[in-house]
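Here the structure comes first, spelled out in structure tokens, and everything after it is commentary.
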Amino acid sequence: MIPELGHFSLIVALCLAIILGVLPILGAARNNPVFMGVARPVAFGQMLFIGLSLAALAQAFLANDFSVLYVAQHSNSQLPAVYRFSAIWGGHEGSLLLWAFLLSVWTSAVALYSRHLPDEMVARVLGVMGLISVGFLLFMLFTSSPFERLLPAAADGRDLNPLLQDPGLVIHPPMLYMGYVGFSVAYAFAIAALLGGKLDATWARWSRPWTTVAWVFMTLGIALGSGWAYYELGWGGWWFWDPVENASFMPWLLGTALIHSLAVTEKRGAFKSWTVLLAIAAFSLSLLGTFLVRSGVLTSVHSFAADPKRGIFILSFLVVVVGASLLLFAWRAPKVGLGGKFDIVSRESLLLANNVLLSVGSASIFIGTLYPLFMDALGYGKLSVGAPYFEAVFVPLMMPMVFLMGLGPLARWKKMAMPDLVKQVRWAFGSALVMALLLPLVMGRFLTLESSKWSIMIVLGLLMAFWIIASLVVSLKQRWAGDGDLISRLRKPSLSYYGMQLAHLGVAIFIIGVTLVKGYETERDVRMNVGDTVHAGGYEFLFNGVTESEGPNYVAGVGHVRVSQDGKLVAELTPEKRQYNVSGMPLTEASIQTGFFRDLYVSLGEPIPESEGAWAVRVYIKPFIDWIWAGTLFMALGGILAVSDRRYRIHQKAVKKAGQTLPPLPANAQLGEQAS
Amino acid sequence: MMRFILPLVIFLVLSVFLYMGLGRDTREVPSPLVGKPAPAFMLPMLHDAEKKFSPQDMQGQVWLLNVWASWCGACKDEHPLLMQLSRQNIVPIVGLDYKDKIEDGIATLQKAGDPYTFTIADADGKVGFDYGVYGVPETYVIDKQGVIRFKLIGAVTQQNLKEVILPLVKELQAK
């Protein structure tokens with residue numbers, strides 16, 4: 001009964017989404033306040049009903065209702081309760097429901113926090129989001145309902161894929177989807193602006209905080225996924241350039257470009273049509289990612305069961321959404337004038353270069369990901385593109401990008417003398433260069449490695465990171481300069497300025513992590529008898545054999561490894577090799593001791609046949625690897641800081657008072673990130 | 001005006017490709033080679049380039065040809081299953097290290113375990129081309145007479161192993 005209620009709620013939600021997609025947009029076109037007024041209540045109603053549907057599915061999982069096909073395919077009575085809950089998004093149908101639910105959450109959030117916006121704008125934005133929702137709900141109801149019954153009911157379920165039985169996977173999909181779906185807000189604002197024909201700076205100002213929040217979720221979502229791959233796949237890698245990883249990375253890159261170009265559009269009125277195009281492209285790539293994962297056109301670690309019918313549906317949806325948006329763009333954008341003029345050396349042009357590099361980077365990943373598909377469709381045979389391509393193309397593109405990142409915050413809008421800029425940063429660049437050249441020489445001793453290593457890649461990586469940090473210091477010193485006590489000077493720059501610098505610092509930390517782990521990691525793959533020791537990176541690993549242990553739904557061989565350094569015990573690691581009862585799937589669970597400077601990583605390979613308890617054991621020392629995720633955390637925190645800036649709150653009140661028009665902004669509040 | 005239409009044009013071209021991609025099931029494409037003798041070749045072994053391998057060496061037994069590479073993500077996914085299969089000693093698996101550096105291939109097997117009876121190195125991908133390798137990983141079932149009976153594109157999973165590959169292997173072995 002409850003699953004049928006869930007299904008029914010979805011139908012009600014679809015009806016509401018149709019109303020939301022039609023009436024408010026019509027109302028905005030005809031200036032009909034009643035139609036426009038429908039938007040908000042309907043948006044809340046939609047969230048309520050999709051939420052009910054999600055609750056119904058959750059109930060089916062928690063109560064082990066194996067008469068529901070989806071539950072029988074993705075759960076099992078032995079499965080711990082928390083994984084029975086997260087199994088909701090363990091498969092195609094349920095994750096789609098999560099997508100639709102999060103979309104309705106974003107829609108309601110816009111409805112709630114848009115009191116200060118003109119009514120037509122709100123009506124159009126919510127209407128566009130409603131139309132997207134219609135597409136997803138239709139998709140679910142016609143091709144992939146999670147509420148299909150299985151009669152007679154299965155005695156027990158087939159179990160959730162063991163790879164997904166992990167705390168990281170409980171939150172990774174919701175986070176990532178929040179990001180994917182969040183870009184629909186920026187998209188909806190852009191479309192609303194195109195529909196209304198008013199492509200001025202205001203739409204950019206309104207959609208900025210939304211875009212940043214979506215970007216923060218996406219950043220965290222990707223980082224969680226990468227962390228999961230690191231400890232769950234047992235290979236010690238953190239990024240595999242898998243099609244599905246790429247599918248999330250492309251919109252992230254464009255989202256990053258969008259955040260920067262929105263800043264220019266808001267503050268200088270420039271890049272208007274480009275920003276709109278970016279907003280459309282970022283969300284289109286989110287949709288394309290959905291298509292790639294679910295249609296089976298590409299094989300990947302993450303693929304869901306492929307079904308051509310679903311592929312056709314998503315593709316048609318993609319064509320309608322993106323095609324219509326680009327058509328609207330082609331029609332409306334030519335009427336948009338160019339914004340403020342700027343010189344070759346100015347913050348605008350630096351940000352333009354940033355946008356170009358990020359977009360080209362995204363395009364290079366796009367080509368690499370879809371190349372096998374193109375070649376095959378053209379009948380040129382079969383190819384695969386792997387990490388070597390991506391590293392060779394993407395990394396060199398990001399180097400100039402990072403260099404500009406140091407200059408951007410220092411440059412002035414509109415016009416700046418080149419010598420001035422050079423003068424500001426020459427010390428920063430010089431000290432970064434010296435540090436980058438010297439640090440690798442002492443790094444060996446610092447990390448207790450067997451040997452010091454000095455390579456051009458390490459120096460380049462460190463140079464980029466130190467350059468960001470050094471130019472950041474220069475910028476901070478400029479902002480803090482002046483009279484007054486320390487506190488008042490610290491409070492001079494705006495929160496959004498601090499947010500930007502924190503995010504940039506995150507990039508530096510990230511680069512340090514990537515550079516050092518690539519340059520200095522130690523990997524030992526050895527056969528170990530009980531009682532054997534292996535030396536790696538100044539540590540001693542003693543293998544005490546493998547014992548059997550039983551988990552809730554698996555049996556595991558648990559290895560016991562004592563790690564010591566100079567005779568002192570550092571860690572006792574217990575890597576596991578699990579065999580899941582129901583699916584019979586083996587799983588490697590690495591055991592990791594994380595540290596500020598290095599991770600100790602041990603995972604079990606295979607038992608050695610015809611031996612007395614010997615195993616193939618992988619022992620890794622991963623210096624600075626956690627800095628990779630720390631960096632992404634800083635980026636996300638920077639985003640949060642930027643959206644909590646006062647000006648977003650002040651304006652809400654100010655605008656309300658002034659009626660529907662935006663007041664001119666005071667010169668320095670407006671340019672939170674402008675050089676003084 | 002033209003430059004504003006350009007994004008739309010690019011997108012429409014892309015959609016056509018995506019549509020063409022849809023028609024094909026990337027996992028079990030009926031290869032023109034299924035039912036035909038496995039193309040002959042002579043390739044060096046991965047671990048010892050002096051020794052050569054040819055499909056003829058496997059004449060008289062049913063065997064699997066598994067195409068993999070050190071740079072391939074999905075191969076890491078199917079690897080534990082291949083290890084399990086090789087321990088069960090049901091069917092010999094021959095690994096074809098496709099478009100890979102020899103040392104990377106060796107390092108990967110050392111690291112993760114070696115499920116292969118033989119591993120051969122197809123460094124420039126020529127043999128892979130003859131076999132119509134579509135994407136790595138791929139797995140072929142070849143019978144006693146050296147005829148390709150089945151081709152799987154994409155990773156071996158518990159399911160396709162249990163439902164398709166192993167039953168087919170048993171059937172062919174019984175012949």
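Line by line, the protein sequences give chains R and F.
If you read the first sequence in our numbering, its first letter stands for residue 1, the second for the next number, and so on.
If you read the second sequence in our numbering, its first letter stands for residue 1, the second for the next number, and so on.
No residue lacks a Cβ here, since even glycine has one placed at the ideal position from N, Cα and C.
- Residue pairing of Met-528 of chain R in beta bridges, as defined by DSSP: R:Trp-615.
- For the set R:Val-105, R:Ala-190 and R:Gly-27, the Cα lying nearest the Cα of Gly-45 of chain R is the one of R:Val-105.
- Closest by C-alpha distance to Leu-502 of chain R, out of R:Gly-537, R:Met-528 and R:Pro-409, is R:Pro-409.
- Judged by DSSP in its simplified three-state form, Leu-48 of chain R adopts helix.
- Counting the other Cβ atoms within 10 Å of the Cβ of Ile-93 of chain F gives 16 or more, which makes it buried.
- When the Cα atoms are used, Asp-57 of chain F and Pro-80 of chain F turn out to be separated by approximately 26 angstroms.
- Inter-residue distance for Gly-311 of chain R and Tyr-497 of chain R is about 44 angstroms (C-alpha atoms, whole angstroms).
- Here Asn-31 of chain R is exposed. Its C-beta has fewer than 16 other C-beta atoms within 10 Å.
- In the DSSP assignment, Phe-541 of chain R falls within the beta strand (DSSP E) that extends over 539-550.
- Residue state for Glu-4 of chain R is assigned as helix, using DSSP reduced to three classes.
- Legend: CB atoms of the segment 74-90 of chain F lying less than 9 angstroms from CB atoms of chain R belong to residues Ala-74, Lys-76, Asp-77, Pro-80, Leu-81, Met-83, Gln-84 and Arg-87.
- Put simply, the backbone Cα of Leu-163 of chain R is about 46 angstroms away from that of Lys-267 of chain R.
- In terms of Cα proximity to Asp-420 of chain R, the closest of R:Ser-346, R:Ala-201, R:Leu-20 and R:Val-82 is R:Ser-346.
- Rounded to whole angstroms, the gap between the alpha carbons of Ala-229 of chain R and His-172 of chain R is 11 angstroms.
- When Cβ-Cβ separations below 9 angstroms define contact, Ile-280 of chain R makes contact with chain F.
- For Tyr-116 of chain F, there are no C-beta contacts with chain R under 9 angstroms, since the nearest C-beta of that chain is about 13 angstroms from it.
- Phe-597 of chain R sits in coil when the DSSP states are folded into three classes, being neither helix nor strand.
- Taken in chain order, the members of the segment 94-111 of chain F whose beta-carbon sits within less than 9 angstroms of a beta-carbon on chain R are Tyr-98, Lys-99, Ala-107, Gln-110 and Lys-111.
- Apart from sequence neighbours up to five positions away, the residues of its chain that approach Pro-575 of chain R with a beta-carbon distance below 6 angstroms are Gly-559, Ala-590, Ser-591, Val-602, Ser-603 and Leu-604, ordered along the chain.
- Listed along the chain, the chain F residues whose CB falls inside 7 angstroms of the CB of Arg-618 of chain R are Lys-111.
- In the DSSP assignment, Phe-118 of chain F falls within the unbroken beta strand (DSSP E) covering 118-122.
- In this structure, the alpha-carbon of Leu-351 of chain R lies about 16 angstroms from that of Leu-277 of chain R.
- The beta carbon of Thr-107 of chain R sits closer than 8 angstroms to the beta carbons of Leu-20, Ala-43, Gln-46, Met-47, Leu-126, Met-129, Gly-130 and Ser-133 from its chain, once the five residues preceding and following it are set aside; these are given in chain order.
- Within the same chain, Ala-470 come within 6 angstroms of Ser-431 of chain R by CB-CB distance, once the 5 residues on both sides are set aside.
- Closer than 9 angstroms to the CB of Tyr-140 of chain F there is not a single CB belonging to chain R.
- The C-alpha of Leu-176 of chain R lies about 46 angstroms from the C-alpha of Lys-36 of chain F.
- Taking a Cβ-Cβ cut-off of 7 angstroms, the neighbours of Asp-525 of chain R in chain F comprise Gln-110 and Lys-111, given in sequence order.
- With fewer than 16 other beta carbons inside 10 angstroms of its own, Pro-334 of chain R counts as exposed.
- Taken through DSSP and simplified to helix, strand or coil, Met-36 of chain R comes out as helix.
- Looking from the CA of Phe-329 of chain R, the closest CA among R:Trp-210, R:Ala-193, R:Gly-255 and R:Ser-286 belongs to R:Ala-193.
- Counting only residues of its own chain and dropping the five nearest sequence neighbours on each side, Asp-130 of chain F has a CB closer than 8 angstroms to the CB of Pro-39 and Phe-41.
- Within chain F, the residues whose beta carbon sits less than 7 angstroms from that of Val-319 of chain R are Ser-15, listed in sequence order.
- Contact between the segment 195-208 of chain R and the segment 238-246 of chain R is absent, with fewer than three C-beta pairs closer than 8 angstroms.
- Boundaries of the beta strand (DSSP E) harbouring Glu-138 of chain F: 138-142, taken from the DSSP string.
- Around Gly-27 of chain R, the same chain offers Phe-35, Met-36 and Ala-123 as residues with beta carbons nearer than 6 angstroms, after the five sequence neighbours per side are excluded.
- For His-260 of chain R, the enclosing alpha helix (DSSP H) begins and ends at 243-268.
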